[in-house]
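Undergrad:
There are 6 protein chains.
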Amino acid sequence: MRILVANVNTTASMTDAIAESARSAASPGTEIVGITPRFGADSCEGNFESYLAAIAVMDAITSYDGEFDAVIQAGYGEHGREGLQELLDVPVVDITEAAASTAMYLGHKYSVVTTLDRTVPLIEDRLKLAGLDSRCASVRASGLGVLELESDPERAVEAIVAQSREAVDRDHAEVICLGCGGMAELEDKVKAATGVPIVDGVRAAVTVAEGLVRMGLSTSKVRTYATPRQKKVIGWPFQF
Amino acid sequence: MRILVANVNTTASMTDAIAESARSAASPGTEIVGITPRFGADSCEGNFESYLAAIAVMDAITSYDGEFDAVIQAGYGEHGREGLQELLDVPVVDITEAAASTAMYLGHKYSVVTTLDRTVPLIEDRLKLAGLDSRCASVRASGLGVLELESDPERAVEAIVAQSREAVDRDHAEVICLGCGGMAELEDKVKAATGVPIVDGVRAAVTVAEGLVRMGLSTSKVRTYATPRQKKVIGWPFQF
Amino acid sequence: MRILVANVNTTASMTDAIAESARSAASPGTEIVGITPRFGADSCEGNFESYLAAIAVMDAITSYDGEFDAVIQAGYGEHGREGLQELLDVPVVDITEAAASTAMYLGHKYSVVTTLDRTVPLIEDRLKLAGLDSRCASVRASGLGVLELESDPERAVEAIVAQSREAVDRDHAEVICLGCGGMAELEDKVKAATGVPIVDGVRAAVTVAEGLVRMGLSTSKVRTYATPRQKKVIGWPFQF
Amino acid sequence: MRILVANVNTTASMTDAIAESARSAASPGTEIVGITPRFGADSCEGNFESYLAAIAVMDAITSYDGEFDAVIQAGYGEHGREGLQELLDVPVVDITEAAASTAMYLGHKYSVVTTLDRTVPLIEDRLKLAGLDSRCASVRASGLGVLELESDPERAVEAIVAQSREAVDRDHAEVICLGCGGMAELEDKVKAATGVPIVDGVRAAVTVAEGLVRMGLSTSKVRTYATPRQKKVIGWPFQF
Amino acid sequence: MRILVANVNTTASMTDAIAESARSAASPGTEIVGITPRFGADSCEGNFESYLAAIAVMDAITSYDGEFDAVIQAGYGEHGREGLQELLDVPVVDITEAAASTAMYLGHKYSVVTTLDRTVPLIEDRLKLAGLDSRCASVRASGLGVLELESDPERAVEAIVAQSREAVDRDHAEVICLGCGGMAELEDKVKAATGVPIVDGVRAAVTVAEGLVRMGLSTSKVRTYATPRQKKVIGWPFQF
Amino acid sequence: MRILVANVNTTASMTDAIAESARSAASPGTEIVGITPRFGADSCEGNFESYLAAIAVMDAITSYDGEFDAVIQAGYGEHGREGLQELLDVPVVDITEAAASTAMYLGHKYSVVTTLDRTVPLIEDRLKLAGLDSRCASVRASGLGVLELESDPERAVEAIVAQSREAVDRDHAEVICLGCGGMAELEDKVKAATGVPIVDGVRAAVTVAEGLVRMGLSTSKVRTYATPRQKKVIGWPFQF
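Chains as they are written, first to last, in my numbering: chain W, 1 to 240; chain Y, 1 to 240; chain H, 1 to 240; chain A, 1 to 240; chain Z, 1 to 240; chain L, 1 to 240.
#1: Compare the C-beta of Met104 of chain H with all C-beta atoms of chain Y and state if any pair is closer than 8 angstroms.
#2: For Ser50 of chain W, which of helix, strand or coil comes out of DSSP?
#3: Taking 8 angstroms as the threshold, find out whether the segment 110-126 of chain Y comes into contact with the segment 25-42 of chain H through three or more Cβ pairs.
#4: Can you give me the C-alpha to C-alpha distance between Leu186 of chain L and Cys44 of chain Y, rounded to a whole angstrom?
#5: Could you tell me whether any Cβ in chain A is nearer than 8 angstroms to the Cβ of Phe240 of chain H?
#6: Using only the alpha-carbon positions, how far apart do Thr115 of chain W and Tyr76 of chain W sit?
#7: Do three or more CB pairs link the segment 9-20 of chain H to the segment 168-179 of chain W at distances below 8 angstroms?
#8: Pull the bridge partners of Gln73 of chain H from the DSSP assignment, please.
#9: Between the alpha carbons of Pro121 of chain L and Asp65 of chain L, how many angstroms are there, rounded?
#10: With a threshold of 8 angstroms between beta carbons, is Tyr76 of chain L in contact with chain W?
#11: Please report how far the alpha carbon of Val92 of chain A lies from the alpha carbon of Val202 of chain Z, in whole angstroms.
#12: Under 8 angstroms Cβ-Cβ, which residues of chain H neighbour Glu187 of chain Y?
#13: Specify the secondary structure class of Glu78 of chain L as computed by DSSP and reduced to three states.
#14: Entirely within the segment 113-158 of chain A and at least 3 residues each: give me those beta strand (DSSP E) ranges in chain order.
#15: Checking the sheet assignment: what are the DSSP bridge partners for Asp200 of chain H?
#16: Can the beta-carbon of Ala130 of chain Y be found less than 8 angstroms from the beta-carbon of Val199 of chain Y?
#17: Pick from L:Ala12, L:Ile3, L:Cys136: whose alpha carbon is nearest that of Glu150 of chain L?
#18: Can you check whether the C-beta of Pro121 of chain H is within less than 8 angstroms of a C-beta belonging to chain Z?
#19: Can you confirm whether Pro228 of chain H, when its beta carbon is compared against all beta carbons of chain A, has any partner nearer than 8 angstroms?
#20: Leaving out five residues on either side along the sequence, give the residues of the same chain with a beta carbon under 8 angstroms from the beta carbon of Ala60 of chain L.
#21: Pull up the distance between the alpha-carbon of Thr207 of chain Z and that of Phe68 of chain Z, whole angstroms please.
#22: Would Ala167 of chain W count as contacting chain L if we go by Cβ distances under 8 angstroms?
#23: Near Val213 of chain L, which residues of its chain fall below 6 angstroms by C-beta distance, leaving aside the five closest residues on each side in sequence?
#24: Could you round the C-beta distance between Ala98 of chain L and Tyr110 of chain L to whole angstroms and report it? I think they count as a contact, below 8 angstroms.
#25: Check Ala22 of chain W in the structure and name its three-state DSSP category.
#26: Out of H:Ala41, H:Thr62, H:Leu4, which one is the CA nearest neighbour of Lys232 of chain A?
#27: Between which two residues does the beta strand (DSSP E) carrying Gly34 of chain W extend?
#28: Is there a Cβ of chain Y sitting closer than 8 angstroms to that of Tyr51 of chain W, yes or no?
#29: Since Glu86 of chain A contacts Tyr225 of chain A with CB under 8 angstroms, what's their CB separation in whole angstroms?
#30: Mind reading off the beta-carbon distance from Val157 of chain L to Lys189 of chain L? Whole number of angstroms is fine, and I expect it under 8 angstroms.
#31: Taking the alpha-carbon positions, what's the Trp236 of chain Y to Ala54 of chain W distance?
#32: Give the single residue among Z:Ser138, Z:Asp133, Z:Asp152 whose Cα lies nearest to the Cα of Glu166 of chain Z.
#33: Could you work out which residues of chain A lie near Glu97 of chain H, taking near to mean beta carbons separated by less than 7 angstroms?
#34: Can you give me the C-alpha to C-alpha distance between Asp94 of chain Z and Asn9 of chain A, rounded to a whole angstrom?
#35: Which residues in chain Z have a C-beta closer than 8 angstroms to the C-beta of Arg223 of chain A? List them in chain order.
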């Protein structure tokens, strides 16, 4: 089974980290292919960048040269999953949703801890649309940007650990979903500080995608995610 | 005051019809400028096309050469309004939301009647995100495509009138929002058939936008719709 | 166009301040007429007073001698709007709802900051009934009475500014609706302290009412707000 | 124990029927006193009439000459209960709420069957405000007016039985609340036709009120229903 | 009238205290019979113990030798009420629900204050299922176990008073439901400290049960709570 | 990896069918062990039987002699999952929830089609508690009992196919969860009749459980599902 894991930003090192994380949860025999969009922001931290990423991921996936069995959209709180579902016949799994649905098997309430405060409403909105918000205790932000996770990891970890503690102590979360990826040690430290299970969206998405493929299930095509009707679409596929 | 009214599809005749409709609700002294995206589908009827339109509208608005006081995104149930809000300092009004908030002043419950069935969930989702869904009695579809409104108007009108009647009789709607534009006679016929007020999203959006400008109000920049951070964005603005 | 702006209390100086505020948002050609009820409390701060005001406003509006195109009920969180809608053929706009629907175009979440704590549940209930509550971050009170806004304005402003800051910092409001009127400087100070857009309900209601009139829209009469059936009503209109 | 049961309309024969019904559920030692407002509509079928009744009931109760232990507001879906709670120190029970809270002990979902269609949204709104709506399967109307229950009882009963059957068969109600009073045989016929428990709001309210009095409980005065502040209230109490 | 009041744990002294409390709210002529399950935990503080109690209460009630008119399940936030409703023809009243529906007649919002933190989600879930959660301001825990209420009453009272104060001051509760029973002085102290009405679930349940019996109402048998179909049930009734 | 799949009824042939179904979705290396409770009903169709099953499953699992990595509770809409979570350190997956969370990856709305009408509210309640209800279009029943699926399979299939069609056509479901197991051909026929993906709860649960185990995740023990406190529990473990 081959699963494409699409980064939503254009930073190739992030794609590598995400793919690495995905591989750590994959079954033997599952091939993980990391996909980096050819346009868009080097980190996705808001609606404009996320909308651009939505199209960039569709561009990258539909121009992927090869077979694949499922697609993971590996951005937290990002737009675009519904578009991929229309364009593809294989299952599409969003990591925000995979983390939430996984967390709901582990505790009564879960929280999401992410980086920038401005992305909190995007995550809240995606969870609301997905209908996975009623057991969400809170979405909290560390206040650090996506790329600072790489540039000053120690401070980033500290800030995320602090917010995770607040989520457990004040918001009564029993599980933490980490809304930012690519740091092996982060998970361990949050777990040590809070004593609750930590869910990584990318890994959760791999298990969801594998499960769907194994059951022979894919996106329903009867209504919302039907293949787009044949029509004139100017400029698509993008020619640059 | 100058208001840009952005069509979400690439059909110029639709832009003209939308702009015409906008002008019919504008105050003296308000200039309405219709904007047609330079790429995207000739009609927007699903998530892929809507996401592409979201970017195409941002592309068109940000490359508009001139001053303007507000922007109306004139697509029913479409993605993208949040991105425009980040990129601009002037108010942005989505017609789905303008129609709903206007209808809520006129009756206890309202319904939306649109064209294709597959767009119903998109409209429902946008209303849910906007927090304007709790008094929505139903979103109903005539089963006809956007362009069929132009090619076979009589049948289109008939189908929409029939659904509007159902909305009033079965779903207890007291107001109908027409989720498709550009047809003067449609409004009259639905009104005659149902006896309830008919809200046109484009016209409603013009009055909302004018009101915001007159009060000197624009998008809050403290969190969700803050201007994007300076960063590397590959391929944007689009160079084709 | 003539719009009646009904104060809900019997303090004429409040009516003047409200009308003044309304005029500052009105288009050229719109005449604003302030209406003071002939009975009721000199300030409305609870359910009994609000129910009495509901009837007093209906009494005042239905005995107004002249034509008018719309009515604004200028009380925050008050009862009565639905009754006016039944009795009149022109649009009726409640300022609590106008402020909320306007704020929702400006930010992801809004808060209302009002005077007395005991009126908070009234405002929450009106927003819930109006279906405009899901994006309301909080309704906060300064703890001061309506008339203290006039008698000790400095302290009143300070208390309201403090609560507005809390709304933005703790409740993540991106817009503030001021649930108390008649103070020009209040708005400036709250804006300066928080950096978010400030919505005044009276001004917002004027733009909503004008918009409805301009579009030729008024209250649906098919169900909830149908004209009352002919029947024996003892004591009405009030003869004192 | 003395309980005042306030009719919301000015038809004395309705007051008698309501008081009779109340007595049939009262404990030995409980005195039921029927109260007819001195102004208002002879039947309450909409917002204007209901707001007027709200004030008329407050007028009647506060001018009642004697002691009492609780008040029942005996109108279905009417305004005003919150005002009475502020003005009085004894418990106030609304029959819409008493019927609903009682029905919820008897089945998984309940429906309300009432008279005029235009009162359905009022009942829905009162249940929503009361937080008793989530197990309400439907509010249905027979299409007949309140007074027709008296003038053509046979047809009225038939229409209400028909709607009750629909509530059970289509909406999956397991209990029916009759949103209209004064007809002994109605209850029997609806029960025979549906096989489900039938709740009469007036009787339910008597048991709730008695229970509160017996437990020594009354309205909380710390916030929403605090006694009105001392202030100038023009024209109240009404002098006619 | 005879009402069985079933303790959910196997501590007989608790049963006595509960029955005593029930008697204090019962009408003359109502006989209260305390029931202690013959198996299960000596205190119920979690899901396993609560599920076991659910079956133990069904075992105890169905093997009760004598007539009875109603059953009260006297455990806060416990499982099982729906099963009793299927097995019996008389009304079944859960104290969590009786406390909540009673509190809703007394204030705009109520809070529940209970013992162990781990039972908070159980109470929240029961209120959600019962549809009585929308006016619940909070469920708070003192952090003490059920039996510590008996062993160190002073400290227990202090901790519960402290949480009740928080509920009123921070969560804006206007009524407190005590989610733990058997302590006469507790109620007085919480009332003195907060100034709000205190609802005891057992007493509230007695008045609800008496009311239902007096009105001749019992559980609807048309669907959810229909008598179990005849079938082979191994091991039931329990033979030990 | 060894997964225990617990049937909720005492019919061993059902356990075999469930285990067979589970095996069809298991990865190589996963051992599925079917568990039949030693007491309880031969089919679970209501609250009493479900509560009894809850305890019977806990009895069976805790007395299982051997190691295991996860438990699946294979009853649709049944009580008990929370109790197992407290008693065990390995993940517990309920098939109602697994089916729903899986369906939500495949379409905008899903429906559940089950057997007896009386179990519909149980399923609705479990989905509400799980927070997986907001995208549930409907829960529909074929009107046939669990064991009739075995005794008259043809008629059972027909009835379930008919309800599935209604779910898609009327309720706008895009995915069907089959709330009854053990029939290979059922799935094919429903799929052929509706054209939408069909989710089997048991198979979905296997993929969820395997995923959790693979990620090293298990139930959070910090609050709701903490191991029961040491205390006196009379009669447990059951000695018969």
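Ideal Cβ placement from N, Cα and C applies to all residues, glycine included.
TA: Quick answer:
#1: Position 104 of the third sequence, counting from 1, holds the residue named residue 104 of chain H. Interface flag for Met104 of chain H against chain Y is set, since a Cβ pair is found closer than 8 angstroms.
#2: For this step, residue 50 of chain W is matched to residue 50 along the first sequence. Looking at Ser50 of chain W - three-state DSSP - the assignment turns out to be helix.
#3: Between the segment 110-126 of chain Y and the segment 25-42 of chain H there are fewer than three inter-stretch CB-CB distances shorter than 8 angstroms, so the stretches are not counted as touching.
#4: Here residue 186 of chain L corresponds to residue number 186 of the sixth sequence, with the count starting at 1. Here residue 44 of chain Y corresponds to residue number 44 of the second sequence, with the count starting at 1. Cα to Cα, the separation comes out at about 38 angstroms.
#5: Taking the third sequence and counting its residues from 1, one reaches residue 240 of chain H at position 240. Yes - at least one Cβ of chain A is within 8 angstroms of the one on Phe240 of chain H.
#6: For the purposes of this step, residue 115 of chain W is taken as the residue at position 115 of the first sequence. For the purposes of this step, residue 76 of chain W is taken as the residue at position 76 of the first sequence. Straight across, the Cα-Cα distance linking Thr115 of chain W with Tyr76 of chain W is about 10 angstroms.
#7: These segments do not touch.
#8: As a working note, residue 73 of chain H is residue 73 in the third sequence. Note: Gln73 of chain H sits in a beta bridge opposite H:Ala6, H:Asp94.
#9: Within the sixth sequence, residue 121 of chain L is the residue found at index 121, counting from 1. Within the sixth sequence, residue 65 of chain L is the residue found at index 65, counting from 1. Whole-angstrom Cα-Cα distance: 35 angstroms.
#10: Counting from one through the sixth sequence, the residue named residue 76 of chain L turns up at place 76. Under the 8 angstroms criterion on CB atoms, Tyr76 of chain L is classed as non-interfacial with respect to chain W.
#11: The sequence position of residue 92 of chain A within the fourth sequence is 92, counting from 1. The sequence position of residue 202 of chain Z within the fifth sequence is 202, counting from 1. Distance between the alpha carbons of Val92 of chain A and Val202 of chain Z is about 22 angstroms.
#12: The count along the second sequence starts at 1 and reaches residue 187 of chain Y at position 187. Chain H residues near Glu187 of chain Y: none, gap ~10 angstroms exceeds 8 angstroms.
#13: On the sixth sequence, position 78 is the one that residue 78 of chain L refers to. Collapsing the DSSP output to three states places Glu78 of chain L in coil.
#14: Listed in chain order, they are 136-141.
#15: Position 200 of the third sequence holds residue 200 of chain H. Assignment of beta-bridge partners to Asp200 of chain H by DSSP yields H:Leu178.
#16: The residue given as residue 130 of chain Y occupies position 130 in the second sequence. The residue given as residue 199 of chain Y occupies position 199 in the second sequence. The answer is no: Cβ separation not under 8 angstroms.
#17: Indexing the sixth sequence from 1 puts residue 150 of chain L at position 150. Residue nearest to Glu150 of chain L within the set L:Ala12, L:Ile3, L:Cys136 is L:Ala12 (criterion: CA-CA distance).
#18: Along the third sequence, read from residue 1 onward, the residue named residue 121 of chain H stands at position 121. Under the Cβ distance rule, Pro121 of chain H counts among the residues neighbouring chain Z, one pair being separated by less than 8 angstroms.
#19: Numbered from its first residue, the third sequence carries residue 228 of chain H at position 228. For Pro228 of chain H, the answer is yes, since a Cβ of chain A falls inside 8 angstroms of its Cβ.
#20: Along the sixth sequence, read from residue 1 onward, the residue named residue 60 of chain L stands at position 60. Excluding positions up to five away in sequence, the list reads Ala6, Ile35, Thr36, Pro37, Arg38.
#21: In the fifth sequence, the residue the question calls residue 207 of chain Z occupies position 207. In the fifth sequence, the residue the question calls residue 68 of chain Z occupies position 68. Taking the straight line joining both Cα atoms gives about 16 angstroms.
#22: In the first sequence, residue 167 of chain W corresponds to position 167, counting from 1. At a cut-off of 8 angstroms, the C-beta of Ala167 of chain W has no neighbouring C-beta in chain L.
#23: Numbered from its first residue, the sixth sequence carries residue 213 of chain L at position 213. Hits under 6 angstroms: Met1, Asp69, Ala70.
#24: As a first step, residue 98 of chain L is located in the sixth sequence; it is residue number 98 there, counting from the start. As a first step, residue 110 of chain L is located in the sixth sequence; it is residue number 110 there, counting from the start. That belief does not hold up - the Cβ atoms of Ala98 of chain L and Tyr110 of chain L are roughly 13 angstroms apart, past 8 angstroms.
#25: Your numbering for residue 22 of chain W matches position 22 in the first sequence. The three-state secondary structure of Ala22 of chain W, taken from DSSP, is helix.
#26: Position 232 of the fourth sequence, counted from the start, is the residue given in the question as residue 232 of chain A. Nearest C-alpha to Lys232 of chain A: H:Ala41.
#27: For the purposes of this step, residue 34 of chain W is identified with residue 34 of the first sequence, where counting begins at 1. Unbroken beta strand (DSSP E) run through Gly34 of chain W: 31-35.
#28: For the purposes of this step, residue 51 of chain W is taken as residue 51 along the first sequence, with counting starting at 1. Closer than 8 angstroms: yes.
#29: The sequence position of residue 86 of chain A within the fourth sequence is 86, counting from 1. The sequence position of residue 225 of chain A within the fourth sequence is 225, counting from 1. About 5 angstroms separates the two Cβ atoms, so the contact holds.
#30: Indexing the sixth sequence from 1 puts residue 157 of chain L at position 157. Indexing the sixth sequence from 1 puts residue 189 of chain L at position 189. The Cβ separation is near 6 angstroms, so the contact holds.
#31: On the second sequence, position 236 is the one that residue 236 of chain Y refers to. On the first sequence, position 54 is the one that residue 54 of chain W refers to. Annotation: Trp236 of chain Y to Ala54 of chain W spans about 14 angstroms, alpha carbon to alpha carbon.
#32: As a working note, residue 166 of chain Z is residue 166 in the fifth sequence. Taking only the C-alpha atoms, the option nearest Glu166 of chain Z is Z:Ser138.
#33: One-based indexing of the third sequence puts residue 97 of chain H at position 97. Near Glu97 of chain H there are no residues of chain A at all, since even the closest Cβ is about 14 angstroms away, more than 7 angstroms.
#34: Along the fifth sequence, read from residue 1 onward, the residue named residue 94 of chain Z stands at position 94. Along the fourth sequence, read from residue 1 onward, the residue named residue 9 of chain A stands at position 9. The alpha-carbon separation between Asp94 of chain Z and Asn9 of chain A amounts to approximately 36 angstroms.
#35: Indexing the fourth sequence from 1 puts residue 223 of chain A at position 223. When 8 angstroms is used as the limit between beta carbons, Arg223 of chain A is near these residues of chain Z: Gly107, His108, His172, Glu174, in chain order.
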